[in-house]
Ligand SMILES: *Cc1c(COP(=O)(O)O)cnc(C)c1O
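In our numbering, the protein residues as written are 18 to 430.
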């Protein structure tokens, strides 16, 4: 077993060898520009792009014409939200019509959504940020209550990248369609990990990123519904009018081939991988709990991604915990202490997790390459490190003796 062990599959995934093998010829042999209509080099590239488009569409129940290639989810999110506001923001809100400048989103979105919403607020949009429940979930009732006559779009994450919680997308989508409100879904963590069908799930716009599903970095796609309703977007990048005028720029054929292959393989292995990764996730939690008390699950036990486990450890200091394990385990923490700020994760904060527990939270991402042996090794390292840190903690001692720490009056306070 090679260490450190990679348990950060929500941050990114390795490109699957099968995906890479399909990509390679497009660097050197089939190098035409997919927009070159006058010779076979261009035709072959276009054919490869068409195949990829169909493979991606197939995974999410869309039609190939509804896929717009981008550089990843961040760009797709920007195109979806800014493009919709530019297209419909000044349309007078009327029943039965898409229009208005009100956006509904949540506090547990990825920064790409939150920062895009902040930008749109500066441009005259009004944004409602829903607070999720303590498991990180938004409810249909909350969205219903937040809806206004001028609501243009509801933008919600499907599978949360920090805690793995799944939102009730199908039900919220149904509500949006009843009210003629666009429904944008950040599907980055969900697509290829759980069943997704844009028709059954009532989605109008959805972003996908290849590097989160065993494809290459720097490529993704935006699903844009073509009927019921036909969604139109104003492009944010102008140029040669590629991608039905929504996203100009020479197509990155090699990466698009990779995204297509990644989607096809993810679809073929969806059921078995869901089963395998969720078993490993549960095994990891059980092993850790068998060796440690006062462990908290951040997330929802029922509605969650198969390969994501976020735990907080009482009475350990976040930075010491990470320092203690990061020679062995590559994981992410709910503490942003690596960045300039010492702010805990905005997601955990929005769920009402206290700062101490947020700082001591660890996200374990389990993926295609993860083995039971690695999971057991990770559990052992976590138990060792947390036990050692707690041995140094007078607070943990007191908690074990049943002293309510919140009742203690500290000298000097
Ligand atoms: C990774 C991620 C993004 C950003 O995707 P990129 O393709 O890296 O820009 C957006 N949303 C979620 C939920 C993510 O996990």
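Where a beta carbon is used, it is the ideal one built from N, C-alpha and C, also for glycine. Since this is a predicted model, take the numbers as computed values, not measurements.
Endpoints, the alpha helix (DSSP H) within which residue i is located
i, result
"residue 417", "411-417"
"residue 43", "42-45"
"residue 376", "372-376"
"residue 272", "270-285"
"residue 134", "128-139"
"residue 363", "363-367"
"residue 394", "389-408"
Among the options, nearest to residue i - alpha-carbon criterion
i, options, result
"residue 203", "217, 192 and 184", "184"
"residue 88", "407, 260 and 379", "260"
"residue 206", "30, 165, 229 and 139", "229"
"residue 375", "392, 338 and 407", "338"
"residue 148", "332, 55 and 126", "126"
"residue 74", "224, 37, 413 and 28", "224"
"residue 329", "247, 76, 91 and 312", "312"
"residue 364", "27, 140 and 124", "124"
"residue 178", "195, 128, 135 and 336", "128"
"residue 82", "76, 92, 70 and 93", "70"
"residue 249", "138, 106 and 343", "106"
"residue 92", "314, 234 and 290", "234"
Residue j beta carbon less than 8 Å from that of residue i
i, j, result
"residue 389", "residue 304", "no"
"residue 271", "residue 415", "no"
"residue 262", "residue 236", "no"
"residue 145", "residue 121", "yes"
"residue 253", "residue 50", "no"
"residue 18", "residue 251", "no"
"residue 85", "residue 239", "yes"
"residue 218", "residue 186", "yes"
"residue 394", "residue 348", "no"
"residue 317", "residue 402", "no"
"residue 287", "residue 212", "yes"
"residue 168", "residue 209", "no"
"residue 309", "residue 392", "no"
"residue 431", "residue 102", "Residue 431 falls outside the range modelled here, since the chain spans only 18 to 430, and no answer is possible."
"residue 346", "residue 24", "yes"
"residue 294", "residue 379", "no"
"residue 350", "residue 226", "no"
"residue 43", "residue 58", "no"
Distance between residue j and residue i (C-alpha atoms, nearest Å)
i, j, result
"residue 171", "residue 368", "20 Å"
"residue 355", "residue 132", "Caution is warranted here: a pLDDT of 49 is assigned to residue 355, below 50, making its placement in the model unreliable, and no coordinate value can be reported."
"residue 174", "residue 299", "23 Å"
"residue 245", "residue 79", "13 Å"
"residue 180", "residue 325", "7 Å"
"residue 411", "residue 422", "11 Å"
"residue 241", "residue 306", "44 Å"
"residue 31", "residue 362", "25 Å"
"residue 232", "residue 278", "8 Å"
"residue 160", "residue 190", "10 Å"
"residue 320", "residue 155", "11 Å"
"residue 21", "residue 98", "39 Å"
"residue 323", "residue 153", "16 Å"
"residue 333", "residue 373", "8 Å"
"residue 143", "residue 193", "18 Å"
"residue 34", "residue 377", "35 Å"
"residue 46", "residue 371", "55 Å"
"residue 280", "residue 387", "19 Å"
"residue 292", "residue 214", "19 Å"
"residue 222", "residue 409", "51 Å"
"residue 188", "residue 38", "39 Å"
Distance cut-off 7 Å: residue i Cβ against heavy atoms of ligand 1
i, result
"residue 229", "yes"
"residue 178", "yes"
"residue 89", "yes"
"residue 478", "What is shown of the chain runs 18 to 430, which leaves residue 478 out entirely."
"residue 349", "no"
"residue 253", "no"
"residue 25", "no"
"residue 182", "no"
"residue 237", "yes"
"residue 132", "no"
"residue 205", "yes"
"residue 226", "yes"
Distance cut-off 7 Å: residue i Cβ against heavy atoms of ligand 3
i, result
"residue 129", "Within the structure as shown, ligand 3 is missing, the only ligands being ligand 1."
Span of the beta strand (DSSP E), counted from its first residue to its last, around residue i
i, result
"residue 159", "Residue 159 -> not in any beta strand (DSSP E); alpha helix (DSSP H) instead, spanning 157-163."
"residue 150", "Segment: none, residue 150 is in no beta strand (DSSP E) and carries neither H nor E."
"residue 203", "199-203"
"residue 73", "Taken as a continuous stretch (DSSP letters only), residue 73 belongs to no beta strand (DSSP E), being part of the alpha helix (DSSP H) at 57-77."
"residue 313", "312-314"
"residue 330", "325-330"
"residue 238", "237-241"
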